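Residue 232 in the UniProt record's numbering is what sits at position 232 of the sequence shown, and the numbering runs on without skipping anything. Working notes, structure below.
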Amino acid sequence: MPFPVTMTGLTLFVLCGHQVSLFAAFLVFLWLVYLWETYLDYRQRRTIIRTLSSPQELVDVIDEDEFARSKSYALDKASFSFVKDAYNMVETTVILYFSLLPWLWYKTVDHSTALNLWVIDRFQFDMGMGPDSEIKCSLLFLLYVTLFMFVDFLPWSIYYNFVIEARHGFNKQTFGFFIKDRIKALLLSIIIGFPVMSVLIWIIKVGGPRFYLYAYFFALFVTLFMMFVYPEFIAPLFDRYAPLPEGSLRTKIEELAARIKFPLKKLLVVEGSKRSSHSNAYFYGFGNNKRIVLYDTLIRGFKFPNQTTQDTDQSGESSELNADAVARSSTRGCALEEEVVAVLAHELGHWKLGHTLIHLFIGQANLLLMFAVFSTLMNIEPIFISFGFTRGVPILLRLCVVFQFIFSPYNTILDFLMTVMSRRLEFQADRFSVGLDYGPFLKSALLTLHKDNLSFPVSDWLYSMCNYSHPPLLERLEAIDKCLAKSK
């Protein structure tokens, strides 16, 4: 059975005559981050509760009923997040303190050995599983962890979708559709993730002193490959895609693409309304082979062929709640085609201004750095002894300890800096859309999407600074107004 981690291994420093191990320092850091994030959540919740009416700037746009619904939705999500985060923190602490990852690994080796002996005895076939078959044992370990995470996360996902989202008119899934989605995602993660992890472990084992370069280039290949494969072959397994019908909206989008020299090859609509009322738009593709995807919920009144009201409202709620949701869904989305084009002008601004390449470059440079640092840390045994390992630490667990635990302070700082940068890039994309003369339409589109998604219009400044990758609505509207004033 698992035992608590002993405070041996790598000592970082001595505090008041006591040695502080790497494990203890990491656990303290983990709790400090959790307490800080909980404090931020408290500040935001307090702001929501104390805000009694819509901001003066939005009083003509968001009526009392819409404000009350957005406030209720925000409080429900905040309460859910508080409980879920507390559970995750306690669960992580238990897993680390009682050395459950090392325990599971050693059990996995025992299971693989027993399974191999059983197959030999029953079928006279040697699968080659045992203490010396690290990659096969790693895949079995990964299977255990994947199934645990699936079962562990499922109740939270069910509650969020079928209680919170359904209560506020967003969830459109049946329970069967939801479970089928989750099972498909689980199977895909196994089918794709397991071979990738096998190759990565093999590269690290045989790559020599410069394995980190080979591992990085393999990870880069997988990233680029998935950027192509996911939208073309995986996303259609979950949602229905169709070309945007011929008409004035399609013409205006094609004119926008031609105006900024965006190499548009396909213009698609995805049936997002089958699972949720939230809306979105994005683009993808390499080189001169770009696609634009619009959620059907972004376009007011849009219906897929053979789609009925019942098709888009299948959550199983009471008829009263469904009637209210259907009534609201008929007024959701951008009413003007120019508003849809303005949103797309913002998204394509990220491409035109090089934001996509900036994110890709930073992500890849960071990955190369992390692999390089891992190559210097992976053979320092006291690190892994600190986390409860006593013998034979596999590469998979070395990756886990270093990337998830040792790098956590670095990742926390990087995440904050990326959040700050992301907000700056969002302002730039807004200015790009305004520069194409879509400023007024972008404002009205942002207000429409804000209302449709029941986004609460007021945020605590510190919570916003640390959590929002997009600027708050009022800040974006103010910045757009300044751009419009300068252009006059």
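A virtual CB, placed ideally from N, CA and C, is assigned to each residue, including glycine. Since this is a predicted model, take the numbers as computed values, not measurements.
Look at the Cβ atom of Leu-264, then the Cβ atom of Pro-243, and state whether they are nearer than 8 Å.
For this step, residue 264 is matched to residue 264 along the sequence shown. For this step, residue 243 is matched to residue 243 along the sequence shown. Going by C-beta atoms, Leu-264 is not nearer than 8 Å to Pro-243.
Within a Cβ cutoff of 7 Å, which residues of the same chain sit near Glu-271, ignoring the five residues on either side of it in sequence?
Translated into the one-based positions of the sequence shown, residue 271 becomes position 271. These residues qualify, in order along the chain: Asp-239, Arg-240, Asp-296 and Phe-304.
Which class does Cys-483 belong to by DSSP, given the choice of helix, strand or coil?
Start at 1 with the first residue of the sequence shown, and residue 483 comes out as number 483. In this structure, Cys-483 counts as helix in the three-state DSSP scheme.
Please list the terminal residues of the continuous beta strand (DSSP E) segment that includes Phe-125.
Here residue 125 refers to the residue found at position 125 of the sequence shown. Phe-125 -> no beta strand (DSSP E), and no H or E assigned at all.
Between Phe-374, Met-197, Ser-469 and Phe-389, which lies nearest to Asp-415 when the distance is taken from Cα to Cα?
Within the sequence shown, residue 415 is the residue found at index 415, counting from 1. When each option's Cα is compared against that of Asp-415, the closest is Ser-469.
Would you list, in sequence order, the uninterrupted alpha helix (DSSP H) runs of no fewer than 4 residues that lie entirely inside the stretch 206-290?
The qualifying runs are 211-229 and 248-259.
Relative to the C-alpha of Lys-290, which candidate in Arg-300, Ala-257 and Leu-154 has its C-alpha closest?
Along the sequence shown, read from residue 1 onward, the residue named residue 290 stands at position 290. Closest by alpha carbon: Ala-257.
Would DSSP call Leu-454 helix, strand or coil?
Numbered from its first residue, the sequence shown carries residue 454 at position 454. Coil at Leu-454, not helix or strand.
Can you list, in chain order, the residues of its chain with a C-beta nearer than 7 Å to that of Leu-115? Leave out the 5 residues immediately preceding and following it.
Sequence index remark: in the sequence shown, residue 115 carries index 115 (1-based). Answer for Leu-115: Met-129, listed in chain order.
Using 8 Å as the Cβ pair cut-off and three pairs as the minimum, do the stretch 118-136 and the stretch 145-158 touch?
Not touching, per the Cβ criterion.
If we count the other Cβ atoms within 10 Å of its Cβ and call it buried at 16 or more, is Leu-417 buried or exposed?
Taking the sequence shown and counting its residues from 1, one reaches residue 417 at position 417. Flag for Leu-417 reads exposed.
Using a threshold of 8 Å, state whether the C-beta atoms of Thr-38 and Asp-76 are closer than that.
For the purposes of this step, residue 38 is identified with residue 38 of the sequence shown, where counting begins at 1. For the purposes of this step, residue 76 is identified with residue 76 of the sequence shown, where counting begins at 1. No, these two residues do not count as a Cβ contact at 8 Å.
Drop a sphere of 10 angstroms on the beta-carbon of Phe-228, count the other beta-carbons inside from all chains shown, and report buried for 16 or more, exposed for fewer.
The sequence position of residue 228 within the sequence shown is 228, counting from 1. Per the 10 Å Cβ criterion, exposed.
Can you give the beta carbon distance from residue 499 to Phe-371, rounded, assuming they're within the 8 Å contact cut?
Missing from the structure shown is residue 499; the chain here goes from 1 to 488 and no further.
Straight-line CA distance for Gly-301 to Ala-335?
For the purposes of this step, residue 301 is identified with residue 301 of the sequence shown, where counting begins at 1. For the purposes of this step, residue 335 is identified with residue 335 of the sequence shown, where counting begins at 1. Cα-Cα distance, rounded: 8 Å.
Specify, as a first and last residue, the run of the alpha helix (DSSP H) that Val-145 falls within.
Taking the sequence shown and counting its residues from 1, one reaches residue 145 at position 145. Per DSSP, Val-145 belongs to the alpha helix (DSSP H) from 134-159.
State the Cα-Cα distance for the pair Arg-182 and Leu-220, rounded to the nearest angstrom.
Taking the first residue of the sequence shown as 1, we reach residue 182 at position 182. Taking the first residue of the sequence shown as 1, we reach residue 220 at position 220. For Arg-182 and Leu-220, the distance between alpha carbons rounds to 27 Å.
Exposed or buried, which one is Pro-102 when buried takes at least 16 other CB atoms within 10 Å?
Position 102 of the sequence shown holds residue 102. By the 10 Å Cβ count, Pro-102 comes out buried.
Measure the alpha-carbon distance for Lys-443 versus Ile-253 and round it to whole angstroms.
Along the sequence shown, one-based indexing puts residue 443 at 443. Along the sequence shown, one-based indexing puts residue 253 at 253. So the two alpha carbons sit approximately 18 Å from each other.
Check Ser-99 in the structure and name its three-state DSSP category.
Within the sequence shown, residue 99 is the residue found at index 99, counting from 1. Coil, per DSSP.
Do Pro-382 and Phe-29 have their C-beta atoms within less than 8 Å of each other?
The residue given as residue 382 occupies position 382 in the sequence shown. The residue given as residue 29 occupies position 29 in the sequence shown. No, Cβ-Cβ distance for Pro-382 and Phe-29 is not below 8 Å.
Check whether the Cβ atoms of Lys-172 and Ser-276 sit closer than 8 Å, and answer yes or no.
Start at 1 with the first residue of the sequence shown, and residue 172 comes out as number 172. Start at 1 with the first residue of the sequence shown, and residue 276 comes out as number 276. In this structure, Ser-276 lies closer than 8 Å to Lys-172 by Cβ.
Assuming residue 500 and His-111 form a contact by the criterion Cβ under 8 Å, report the distance between their Cβ atoms to the nearest whole angstrom.
The requested residue 500 does not occur in the structure, where the chain is confined to residues 1 to 488.
Using only alpha-carbon positions, find the residue among Phe-178, Leu-353 and Gly-287 that is nearest to Ala-429.
Numbered from 1 along the sequence shown, position 429 holds the residue referred to as residue 429. Of the candidates Phe-178, Leu-353 and Gly-287, the one whose C-alpha sits nearest the C-alpha of Ala-429 is Leu-353.
Is Ser-21 helix, strand or coil by DSSP?
Walking along the sequence shown from the start, residue 21 turns up at place 21. In this structure, Ser-21 counts as strand in the three-state DSSP scheme.
Taking buried to mean at least 16 other C-beta atoms within 10 Å of its own C-beta, is Ile-358 buried or exposed?
Along the sequence shown, one-based indexing puts residue 358 at 358. Under this definition Ile-358 is an exposed residue.
Between which residues of its own chain and Thr-251 is the CB-CB distance below 7 Å, once the five residues before and five after are set aside?
The count along the sequence shown starts at 1 and reaches residue 251 at position 251. Cβ within range, chain order: n/a, list empty.
Does the pairing of the stretch 54-74 with the stretch 88-105 give three or more beta-carbon distances under 8 Å?
Not touching, per the Cβ criterion.
Helix, strand or coil: which one does DSSP assign to Tyr-468?
For the purposes of this step, residue 468 is taken as the residue at position 468 of the sequence shown. Of the three classes helix, strand and coil, the one that applies to Tyr-468 here is coil, per DSSP.
Determine, using beta carbons only, whether Phe-125 comes closer than 8 Å to chain E.
Looking for chain E here will not work: only one protein chain is present.
Is Met-149 near the ligand SAH, with its Cβ less than 7 Å from a heavy atom?
Absence of the ligand SAH from the depicted structure is noted, as is the absence of any ligand whatsoever, leaving it without description.
Give the range of the alpha helix (DSSP H) segment to which Val-420 is assigned.
Here the question's residue 420 lines up with position 420 in the sequence shown. Note, Val-420: alpha helix (DSSP H), 408-433.
So is Arg-424 buried or exposed if we call it buried at 16+ other beta carbons inside 10 Å?
Reading the sequence shown from its first residue, position 424 is the one you call residue 424. Arg-424 comes out exposed.
Go through its chain and collect everything with a Cβ distance to Ser-375's Cβ below 6 Å, but skip five positions before and after it.
By one-based count along the sequence shown, residue 375 stands at place 375. Around Ser-375: Tyr-212.
In the DSSP assignment, find the alpha helix (DSSP H) that holds Pro-394 and state where it starts and stops.
Position 394 of the sequence shown holds residue 394. No alpha helix (DSSP H) contains Pro-394, which DSSP labels as neither H nor E.
Starting from Gln-364, trace the alpha helix (DSSP H) in both directions and tell me its first and last residue.
What you label residue 364 is simply residue 364 of the sequence shown in a count that begins at 1. 355-377 is the span of the alpha helix (DSSP H), which, as asked, contains Gln-364.
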